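Residue numbers for the sequence shown follow the working numbering, beginning at 122 and rising by one. For every residue, glycine included, the Cβ atom is placed at its ideal position computed from N, Cα and C. As the structure is a computational prediction, the values presented were derived from the model and not from experiment.
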Amino acid sequence: MTAPTLRILGTRGVPAAHGGFETFAEHLALYLVHRGWRVVVYCQQEGNASVREDHWEGVERVHISVPGNGPRSTIDFDWRVTRHAAACGDLCLTLGYNTALFCALLRLRGVPNVINMDGIEWSRAKWGPVAKAWFWLNDWAGCLLGNHLVADHPEIKGHLQTRVAADKITTIAYGADTVEQMDEAPVRALGLVPGRYMTVVARPEPENSILEVVRGFSQKPRGMTLAVLGNYNPAVPYHAQVQAAAGPEVKFLGAIYDKPVLQALRVHGAAYVHGHQVGGTNPSLVEALGAGNAVIAHDNRFNRWVAGDDAAYFKDSADLAAVLDRLAADPAALEYMCDASRLRFKQAFTWPAILSEYESLLQAWLPGQAKGNRQVGPGGSTTPR
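Written as structure tokens, this is what we have:
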């Protein structure tokens with residue numbers, strides 16, 4: 122019997138070395154290979170070499186080279202990937218819609234294509250008018266050109282329903298690993314005391330509320346460190362503003378991509394502060410839940426669904442300061458919040474559950490699966506009859 126085949130588009134490749142989509146692609150590819158699938162992942166390389174194929178952990182990789190490594194190079198890479206996938210005819214899973222216009226080629230060739238629509242990228246404040254217009258156009262293109270859409274959050278599904286019918290959308294969240302025990306050594310090597318710090322893991326951008334978090338934390342001595350991860354460049358005005366607002370208990374650790382170090386930081390932290398104001402199911406927030414972190418998050422509809430009612434929420438720096446004062450006066454509250462995070466994680470964000478949902482959806486869209494044999498499941502998913 123021929124193994125079902127899936128081609129994964131929209132990432133820089135596996136193993137993961139960049140962001141959330143690469144991590145997801147790695148988990149899904151390995152899971153499906155173990156389940157008997159043939160999985161092909163497209164990998165971006167810099168240069169002018171010809172297309173090269175190899176294997177990694179049972180996953181087939183197609184390496185496609187493009188000159189440079191900026192946004193234009195990524196667009197060039199996505200176009201070349203789409204052409205390659207269209208010629209093969211296998212089921213495609215496209216992660217993100219940033220170049221969804223190219224999916225018209227898959228549609229014209231009759232290649233089934235499921236698109237994970239990610240967040241509402243064109244609404245982000247960091248983009249200029251041209252970039253926002255590009256993302257807005259591709260948001261529409263992805264909705265119209267994809268055979269089926271995946272939303273990682275109910276609010277993202279609500280957004281997509283303004284463009285297409287609800288039965289074209291399946292809600293499947295993002296997953297993370299359960300982390301319970303980690304060595305304290307990486308934490309101490311960074312100059313931190315286990316249990317006496319809080320973490321912030323986010324790009325230094327205004328929509329991630331970094332300035333509000335640093336200001337709120339720095340209003341008074343707290344006997345605790347705020348460990349801020351990310352690349353900060355004093356030449357960037359917003360970065361300089363954040364650093365200038367920091368009190369003596371704020372420690373900027375730089376960007377840390379080493380997974381065991383990140384996991385140790387989470388496990389041994391007193392809490393995780395999440396300032397993201399927009400987006401769907403944010404990987405960093407899910408990872409914090411998986412590590413049993415007490416979560417203090419910006420108060421918005423995205424974060425409230427992910428972290429649940431037992432997390433603490435803030436709207437601005439003064440609000441955060443009040444939350445920190447309240448928690449400092451009630452140490453038992455942090456323990457309760459840690460337990461609530463673990464429970465919320467087990468309910469909705471474990472990898473086995475997430476990947477199983479994806480497999481069920483993808484099976485329904487394999488070439489040759491009759492449209493009449495697909496039906497919408499309880500979560501808005503399409504499954505074979």
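| Query | Result |
| --- | --- |
| Indicate the three-state DSSP secondary structure (helix, strand or coil) for PRO505 in the structure shown. | With a pLDDT of only 35 at PRO505, under 50, the local geometry of the prediction cannot be trusted, and no value is derived from it. |
| Measure from the alpha carbon of GLN468 to the alpha carbon of each residue in ALA365, PHE338, ALA297, then state which is nearest. | ALA297 |
| Alpha carbon to alpha carbon, how far is ARG463 from ALA412? | 7 Å |
| What are the start and end residues of the beta strand (DSSP E) that includes GLU181? | 180–187 |
| What does DSSP give as the partner residues of TRP177 in its beta bridges? | VAL180 |
| Whose CA, out of GLN282, MET303, TYR218, lies closest to the CA of HIS266? | Sequence inspection shows Leu at residue 266; the His mentioned does not correspond to that position. Nearest C-alpha to LEU266: TYR218. |
| Quick one: using the 10 Å Cβ neighbour count with 16 as the cut-off for buried, is ASN169 buried or exposed? | exposed |
| Please state whether DSSP places MET303 in a helix, a strand or coil. | coil |
| Starting from LYS372, follow the beta strand (DSSP E) in both directions and report where the run begins and ends. | 371–375 |
| Looking at the unbroken beta strand (DSSP E) that takes in GLU167, where does it start and where does it end? | 159–167 |
| Let me make sure I understand the geometry here. Which of ASP288, THR292, TRP261 has the alpha-carbon closest to that of ALA276? | It should be noted that the sequence gives Glu, not Ala, for residue 276. Nearest of ASP288, THR292, TRP261 to GLU276, Cα basis: THR292. |
| So ALA415 and ALA392 are in contact, right, with Cβ under 8 Å, and what is the actual spacing, rounded? | 4 Å |
| Rank ASN237, ARG230, GLY231 by C-alpha distance to the C-alpha of ALA221 and give the top, closest one. | ASN237 |
| Looking at the strands, I want to know which residues DSSP matches up with ILE129. | VAL162, LEU214 |
| Between which two residues does the alpha helix (DSSP H) harbouring ILE417 extend? | That residue, ILE417, is in no alpha helix (DSSP H); its beta strand (DSSP E) goes 416–419. |
| Among all the DSSP beta bridges, which residues are the ones paired with HIS395? | ALA418 |
| In chain order, what residues of the same chain lie with their CB nearer than 6 Å to the CB of GLY500, ignoring the 5 residues before and after it? | Low local confidence applies: a pLDDT of 48 at GLY500 is under 50, so the model's placement there is unreliable, with the coordinate-based value given in what follows. Excluding positions up to five away in sequence, the list reads THR292. |
| Would you identify the three-state DSSP class for ALA221, choosing helix, strand or coil? | helix |
| According to DSSP, is PHE435 part of a helix, a strand, or is it coil? | strand |
| From MET458 to PRO488, what does the alpha carbon distance come to, in whole angstroms? | 46 Å |
| At what residues does the beta strand (DSSP E) containing ILE290 begin and finish? | 290–292 |
| So, at 7 Å on beta carbons, what are the nonlocal neighbours of TRP243 in its own chain, with the 5 sequence-adjacent residues on each side left out? | LYS253, PHE256, TRP257, ASP260 |
| Assuming contact is defined by CB atoms lying nearer than 8 Å, are ALA367 and VAL335 in contact in what I supplied? | yes |
| Between ALA361 and LEU332, what straight-line distance do the alpha-carbon atoms span, to the nearest angstrom? | 10 Å |
| Could you have a look at VAL382 and say whether DSSP puts it in helix, strand or coil? | helix |
| Counting along the chain, where does the beta strand (DSSP E) carrying THR320 start and finish? | 318–322 |
| I want to know whether the region 277–292 touches the region 300–309 - three or more CB-CB distances under 8 Å. | no |
| Can you find at least 3 beta carbon pairs, one from the region 439–455 and one from the region 347–365, that sit closer than 8 Å? | no |
| Cα separation between GLN496 and THR126? | Confidence in GLN496 is poor, its pLDDT being 47 and thus under 50, which makes the residue's placement too unreliable to answer from. |
| GLY401 to HIS419, Cα distance in whole Å? | 13 Å |
| Taking its Cβ as the centre, do 16 or more other Cβ atoms sit within 10 Å of GLU143, making it buried, or is it exposed? | buried |
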